[in-house]
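Here is the structure we will look at, set down as structure tokens.
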Amino acid sequence: MVKITYQDIYPSQPMLDSSQLASAGELLTLEYFEAEPDRMPEQVFDQHHILINLNDAPHRLENWRDGEHRDFTYCKDEIIVTPAGVRSGWRWHAKSKVLVITIAPAQLERFAQTQVGVLLDQAQLSSLPQFEDPDICRAGEMLLDALANRQLGSELMFESLARVFLVKLIQKYGLRQQDYDFSRSFTARHYKAVLDYVAAHFSHSILVEDLAAQANLSPSHFAVLFKRTMGLSPMQFVLNYRLEQAKQLLTKSDKPLIDIAISCGFSDQAHFSRQFKSEQNETPSNYRKRVQVGS
Numbered sequence: 001m002v003k004i005t006y007q008d009i010y011p012s013q014p015m016l017d018s019s020q021l022a023s024a025g026e027l028l029t030l031e032y033f034e035a036e037p038d039r040m041p042e043q044v045f046d047q048h049h050i051l052i053n054l055n056d057a058p059h060r061l062e063n064w065r066d067g068e069h070r071d072f073t074y075c076k077d078e079i080i081v082t083p084a085g086v087r088s089g090w091r092w093h094a095k096s097k098v099l100v101i102t103i104a105p106a107q108l109e110r111f112a113q114t115q116v117g118v119l120l121d122q123a124q125l126s127s128l129p130q131f132e133d134p135d136i137c138r139a140g141e142m143l144l145d146a147l148a149n150r151q152l153g154s155e156l157m158f159e160s161l162a163r164v165f166l167v168k169l170i171q172k173y174g175l176r177q178q179d180y181d182f183s184r185s186f187t188a189r190h191y192k193a194v195l196d197y198v199a200a201h202f203s204h205s206i207l208v209e210d211l212a213a214q215a216n217l218s219p220s221h222f223a224v225l226f227k228r229t230m231g232l233s234p235m236q237f238v239l240n241y242r243l244e245q246a247k248q249l250l251t252k253s254d255k256p257l258i259d260i261a262i263s264c265g266f267s268d269q270a271h272f273s274r275q276f277k278s279e280q281n282e283t284p285s286n287y288r289k290r291v292q293v294g295s
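If you read the sequence shown in the UniProt record's numbering, its first letter stands for residue 1, the second for the next number, and so on.
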């Protein structure tokens, strides 16, 4: 089944598009659209969309969202958050100037866990048909500026700003698992302690016993509760974290593979390459070549 993207049904092609930035594309995609008054049919997307209005003049906008119709004035510094799975359609009555930031739920979940230490519930983001947020808007505009600036290092700048944007988004609009069926003996505070331990010790040997000690649980009890909450085993989580750190080094440095392997907690280069290819479906060398093209 072919996935439908925003630009597949928007009445104009994006004037700027970050989809060619390989490393940043693993975090989010940014598209900048301008279009004369028109409409966009209702559609359900598999991704989250954050719309940021760059039109200085307030203008009339209509939105059909899961069967509800809203007719409102869209102003500068306002955002619209449409989570994945929400049916939404649009009609705008003035020339649009809009940033559309697209985020895959799986990527947001991993970023929230490994970089922010936050557990998101199934919906992940609040559904906001209209909300004033100058801070998020400035972060989006900084992304646009980095994308428009094609100088040396601009791709790295875009990726760094994308991480800042995601942190702000999760902190402000992420739906955390307060209402999730957490075990009373393994809370979000315990999870944060485990994450902090992994972040501080991922370059060294980590055992289930080490992680269980952070939550004051027996290793067997901890392993069961962790998998029930996170959906993966503790050691798979550690592996994912190490691979995320390795991917950043492959993208941003020219370190030899053996140095990256050791610094990320793998026993040797062969072990690192085997685990990387198993998870990424390509070797570390091929990944590095792909993401560094054009940087």
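Think of the CB as a built atom: it goes at the ideal place given N, C-alpha and C, for glycine as much as any other residue.
Let me make sure I understand the geometry here. Which of the options has the alpha-carbon closest to that of residue i?
i: Arg-91; options: Ala-261, Asn-53, Arg-60, Ala-139; result: Arg-60
i: Ile-9; options: Gly-89, Leu-27, Ile-103; result: Gly-89
i: Ser-267; options: Asn-63, Leu-239, Lys-252; result: Leu-239
i: Asp-56; options: Ile-50, Glu-62, Lys-76; result: Lys-76
i: Ala-139; options: Val-224, Gly-265, Asn-53, Ala-193; result: Asn-53
i: Ser-253; options: Glu-282, Val-224, Gln-292, Asp-17; result: Gln-292
i: Leu-195; options: Phe-237, Leu-232, Ile-136; result: Phe-237
i: Leu-120; options: Arg-110, Ser-127, Leu-128; result: Arg-110
i: Arg-39; options: Ser-96, Pro-58, Ala-212; result: Ser-96
i: Tyr-191; options: Pro-58, Val-98, Gly-67, Thr-114; result: Thr-114
i: residue 304; options: Gly-25, Asp-133, Ala-24; result: Residue 304 lies beyond the range of the chain shown here (1 to 295); nothing can be said about it.
i: Leu-51; options: Gln-122, Leu-128, Pro-37, Gly-85; result: Leu-128
Would you kindly work out how many angstroms separate the C-alpha atoms of residue i and residue j, rounded to a whole number?
i: Phe-45; j: Arg-87; result: 8 angstroms
i: Met-15; j: Phe-226; result: 45 angstroms
i: Ser-12; j: Phe-165; result: 25 angstroms
i: Gln-275; j: His-204; result: 16 angstroms
i: Ala-22; j: Leu-257; result: 20 angstroms
i: His-93; j: Gln-47; result: 26 angstroms
i: Arg-228; j: Phe-72; result: 43 angstroms
i: Ala-162; j: Leu-27; result: 7 angstroms
i: residue 296; j: His-49; result: Absent from the model: residue 296. The displayed extent of the chain is 1 to 295, so no value can be given.
i: Ser-273; j: Gly-265; result: 13 angstroms
i: Lys-172; j: Lys-255; result: 36 angstroms
i: Met-142; j: Leu-108; result: 20 angstroms
i: Pro-234; j: Arg-70; result: 45 angstroms
i: Val-98; j: Lys-277; result: 38 angstroms
i: Arg-290; j: Asn-281; result: 13 angstroms
i: residue 296; j: Val-116; result: Residue numbering for the chain in the displayed model covers 1 to 295; residue 296 lies beyond these limits and cannot be assessed.
i: Pro-83; j: Gly-67; result: 15 angstroms
i: Val-2; j: Ala-112; result: Unreliable placement is indicated for Val-2, whose pLDDT of 49 sits below 50; the coordinate value is still reported in the next sentence. Near 27 angstroms, if we compare the C-alpha coordinates of Ala-112 and Val-2.
i: Arg-189; j: Pro-37; result: 49 angstroms
i: Gly-85; j: Glu-62; result: 19 angstroms
i: Ser-285; j: His-271; result: 14 angstroms
i: Ala-223; j: Leu-232; result: 9 angstroms
Quick one: what's got a C-beta closer than 7 angstroms to residue i's C-beta in the same chain, skipping five residues either side?
i: Arg-288; result: Leu-250
i: Glu-279; result: Leu-243
i: Thr-5; result: none
i: Glu-42; result: Trp-64, Arg-87, Ser-88, Gly-89
i: Gln-7; result: Gln-13, Pro-14, Glu-31
i: Pro-219; result: Val-208, Glu-209, Ala-212
i: Gln-122; result: none
i: Tyr-241; result: Thr-114, Val-198, Phe-202
Apart from the five residues on each side of it in sequence, which residues of its chain come closer than 8 angstroms, Cβ to Cβ, to residue i?
i: Asp-210; result: Tyr-197, His-201
i: Gln-269; result: Leu-257, Ile-258, Ala-261
i: Ala-35; result: Tyr-10, Pro-11, Ser-12, Trp-92, Lys-95, Ser-96
i: Pro-58; result: Thr-73, Tyr-74, Cys-75, Lys-76
i: Ala-24; result: Ser-18, Glu-155, Phe-158, Glu-159, Ala-162
i: Thr-283; result: Ser-273, Phe-276, Lys-277
i: Asn-149; result: Met-157
So, using beta-carbon positions, are residue i and residue j closer together than 8 angstroms?
i: Leu-147; j: Leu-30; result: yes
i: Phe-33; j: Val-100; result: yes
i: Val-118; j: Ile-79; result: no
i: Lys-168; j: Ile-136; result: yes
i: Gln-124; j: Pro-105; result: yes
i: Ser-126; j: Val-81; result: yes
i: Ala-199; j: Ala-215; result: no
Closer than 6 angstroms by C-beta to residue i: which residues in its own chain qualify, once you throw out the five before and the five after it? Chain order, please.
i: Ile-260; result: Ala-246, Leu-249
i: Ser-263; result: Ser-203
Could you check if residue i belongs to the surroundings of the ligand NAD, using beta carbon to heavy atom distance under 7 angstroms?
i: Val-194; result: Absent from the structure shown: the ligand NAD. Ligands present: none.
Does any residue of chain D have a CB that is nearer than 8 angstroms to the CB of residue i?
i: Ile-103; result: As a matter of chain content, chain D is missing from the structure shown, which is built from one protein chain.
| task | Please go through the stretch 162-222 and give each complete alpha helix (DSSP H) segment of 4 or more residues, from N-terminal end onward. | result | You should have 188-201, 208-214.
| Can you list the beta strand (DSSP E) stretches of 3 or more residues lying completely in the stretch 80-143, in chain order? | The stretch 80-143 contains these whole beta strand (DSSP E) runs: 87-92, 96-103, 120-125, 128-132.
| Going along the chain, which unbroken runs of the alpha helix (DSSP H) with 4 or more residues stay wholly within the stretch 4-77? | As far as the stretch 4-77 is concerned, its whole alpha helix (DSSP H) runs of at least 4 residues are 6-9, 22-25.
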